[in-house]
Ligand SMILES: [Zn+2]
Ligand SMILES: [Zn+2]
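Numbering (full-length UniProt numbering), first residue to last: 1 to 450.
Here it is in structure tokens:
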């Protein structure tokens with residue numbers, strides 16, 4: 001009896017892994033996110049020319065911009081994503097409400113994505129991987145459906161244990177619409193009769209600005225600025241990013257020290273989120289408390305290693321002469337013979353001078369010697385250690401540096417060189433980033449289960 005051929009298992013390929021075509025383009029788009037971060041904001045911006053702007057509404061829009069922005073930076077980000085401090089219930093409720101008004105998803109959604117971003121920075125598992133381009137990290141990852149299997153997993157059990165987070169996630173739609181549009185509209189409407197202006201300016205346009213500011217942390221803060229703590233990944237520090245994001249622009253520091261409640265550590269750097277958290281911690285009842293800071297010693301170590309790395313790069317661009325260990329060992333008689341050939345004008349002869357057991361070829365330098373031809377000429381074929389180090393002339397540091405670029409060999413039995421090598425070995429080396437003994441090479445992807 002002939003065996004029935006096995007039915008081929010139809011593999012489901014996620015839409016994000018299929019090419020965009022005329023027939024499937026609309027399936028690629030995440031319509032829910034696109035409506036909230038593109039369509040409604042665009043509508044708000046288009047309504048501006050037709051909506052008179054009253055001063056009270058403008059001031060209210062600014063105040064609500066700071067409040068909802070702080071809901072993201074002080075709440076979603078530093079409180080819930082990184083647990084940089086603890087907050088009592090009234091503050092958590094306020095942050096959950098104003099945070100929802102920033103129209104960036106629930107705390108649970110936002111923080112789980114953000115934890116994945118920190119854990120898998122610059123990899124395929126990073127939800128807004130900066131290496132996929134500015135547009136993708138800024139907006140693209142929300143406009144297009146993403147394969148959930150691509151994004152790295154993170155632990156959010158602590159968030160699920162917070163009733164405020166669970167409540168906000170469960171009732172996100174209603175909370176968001178109330179906090180983002182209804183509440184700012186009612187304040188302007190009941191306050192000074194500007195219902196429509198309140199909705200457009202303090203509601204839609206204000207939310208659009210807060211969204212774009214936050215998205216800049218994922219895009220701009222991974223592209224623009226300095227890397228004072230570690231340059232092996234994309235996060236960067238820049239004042240401009242800090243300015244538009246209520247202080248979240250010191251992103252190189254933040255990726256290195258994510259549980260620090262500060263993003264800016266110097267007093268003159270702009271970090272109103274840090275100032276607000278600190279201010280709340282000083283109020284009666286301590287609405288914010290247990291503020292976390294990394295030890296100054298650890299922060300300075302990172303900064304020092306990065307400076308050392310930059311110095312090492314500059315150092316390696318300079319000619320320091322052939323390393324001693326790479327030089328050939330030359331006997332005294334070989335040294336003498338070569339010099340004699342030079343004196344006799346025989347081809348292959350070179351003018352060599354021994355200083356501290358190291359042999360230097362000065363053939364081309366004799367004519368340029370600042371102390372004149374005669375002095376250097378009389379040292380050829382000799383051990384000029386004493387002469388070079390003060391016997392005739394105490395040569396400068398620059399002269400020692402220049403001499404090292406002319407070295408061509410070490411003398412057999414040159415005692416000084418051996419001592420020098422030993423000393424060099426004894427010197428404590430400063431460890432650069434990634435050179436600590438605890439660092440191991442990451443396993444190649446897919447090799448884990450092997
Ligand atoms: Zn980042
Ligand atoms: Zn973060």
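From the three backbone atoms N, C-alpha and C, an ideal C-beta is built for every residue, glycine too.
Please work out which residues of its chain come closer than 7 Å, Cβ to Cβ, to residue i, disregarding the five sequence neighbours upstream and downstream, and give them in chain order.
{"i": "residue 320", "result": "404"}
{"i": "residue 168", "result": "96, 100, 106, 107 and 175"}
{"i": "residue 449", "result": "Low confidence applies here, because residue 449 scores a pLDDT of 41, under 50, leaving its location unreliable; read the following figure in that light. Closer than 7 Å at the Cβ level, and outside the excluded window around residue 449, lies no residue."}
{"i": "residue 135", "result": "none"}
{"i": "residue 393", "result": "371"}
{"i": "residue 260", "result": "84, 292, 293 and 294"}
Between which two residues does the beta strand (DSSP E) containing residue i stretch?
{"i": "residue 218", "result": "Unbroken run through residue 218 is the alpha helix (DSSP H), 206 to 218; no beta strand (DSSP E)."}
{"i": "residue 361", "result": "358 to 361"}
{"i": "residue 355", "result": "352 to 355"}
{"i": "residue 411", "result": "407 to 411"}
Around the Cβ of residue i, are there at least 16 other Cβ atoms within 10 angstroms (buried) or fewer (exposed)?
{"i": "residue 37", "result": "buried"}
{"i": "residue 72", "result": "buried"}
{"i": "residue 48", "result": "exposed"}
{"i": "residue 257", "result": "buried"}
{"i": "residue 280", "result": "buried"}
{"i": "residue 90", "result": "exposed"}
{"i": "residue 287", "result": "buried"}
{"i": "residue 25", "result": "exposed"}
{"i": "residue 137", "result": "buried"}
{"i": "residue 52", "result": "exposed"}
{"i": "residue 187", "result": "buried"}
{"i": "residue 436", "result": "exposed"}
{"i": "residue 160", "result": "exposed"}
{"i": "residue 23", "result": "exposed"}
{"i": "residue 98", "result": "buried"}
{"i": "residue 367", "result": "exposed"}
{"i": "residue 14", "result": "exposed"}
Return the bridge partner residues of residue i from the DSSP annotation.
{"i": "residue 289", "result": "86"}
{"i": "residue 29", "result": "144"}
{"i": "residue 250", "result": "237"}
{"i": "residue 383", "result": "354"}
{"i": "residue 98", "result": "For residue 98, which the question treats as bridged, DSSP gives no partner whatsoever."}
{"i": "residue 394", "result": "389"}
{"i": "residue 226", "result": "237"}
Once the 5 residues before and after residue i are set aside, which same chain residues still bring their CB inside 6 Å of it?
{"i": "residue 428", "result": "Below a pLDDT of 50, predicted positions are generally treated as unreliable, and residue 428, at 48, falls in that range; the measurement from the model is reported next regardless. The answer is none, since no qualifying residue turns up."}
{"i": "residue 213", "result": "244 and 245"}
{"i": "residue 184", "result": "64, 198, 202 and 203"}
{"i": "residue 327", "result": "409 and 410"}
{"i": "residue 41", "result": "208"}
{"i": "residue 61", "result": "201, 202 and 206"}
{"i": "residue 255", "result": "235"}
{"i": "residue 130", "result": "137, 222 and 234"}
Could you spell out where the alpha helix (DSSP H) holding residue i opens and where it closes?
{"i": "residue 111", "result": "107 to 119"}
{"i": "residue 59", "result": "55 to 70"}
{"i": "residue 296", "result": "296 to 316"}
{"i": "residue 279", "result": "272 to 282"}
{"i": "residue 338", "result": "332 to 344"}
{"i": "residue 401", "result": "397 to 404"}
{"i": "residue 320", "result": "Note, residue 320: premise wrong, no alpha helix (DSSP H); not H, not E."}
{"i": "residue 487", "result": "This structure leaves residue 487 out entirely; the chain is present only between 1 and 450."}
{"i": "residue 41", "result": "40 to 47"}
{"i": "residue 174", "result": "172 to 177"}
{"i": "residue 159", "result": "157 to 160"}
Report the residue from the options whose alpha carbon sits nearest the alpha carbon of residue i.
{"i": "residue 146", "options": "160, 157, 125 and 235", "result": "125"}
{"i": "residue 335", "options": "413, 251, 315 and 322", "result": "413"}
{"i": "residue 152", "options": "158, 80, 112 and 302", "result": "112"}
{"i": "residue 268", "options": "242, 180 and 358", "result": "242"}
{"i": "residue 351", "options": "380, 371 and 411", "result": "380"}
{"i": "residue 301", "options": "343, 261, 228 and 83", "result": "228"}
{"i": "residue 356", "options": "253, 409, 52 and 195", "result": "409"}
{"i": "residue 80", "options": "248, 60, 293 and 110", "result": "110"}
{"i": "residue 43", "options": "207, 215, 303 and 363", "result": "207"}
{"i": "residue 218", "options": "118, 370 and 394", "result": "118"}
{"i": "residue 225", "options": "365, 249 and 57", "result": "249"}
{"i": "residue 252", "options": "366, 220 and 332", "result": "220"}
{"i": "residue 76", "options": "162, 39 and 56", "result": "162"}
{"i": "residue 387", "options": "365, 353 and 407", "result": "353"}
Ordered along the chain, which non-local residues of its own chain (more than five positions away) have a Cβ less than 8 Å from that of residue i?
{"i": "residue 290", "result": "85 and 86"}
{"i": "residue 349", "result": "338, 339, 340, 341, 342 and 343"}
{"i": "residue 298", "result": "257"}
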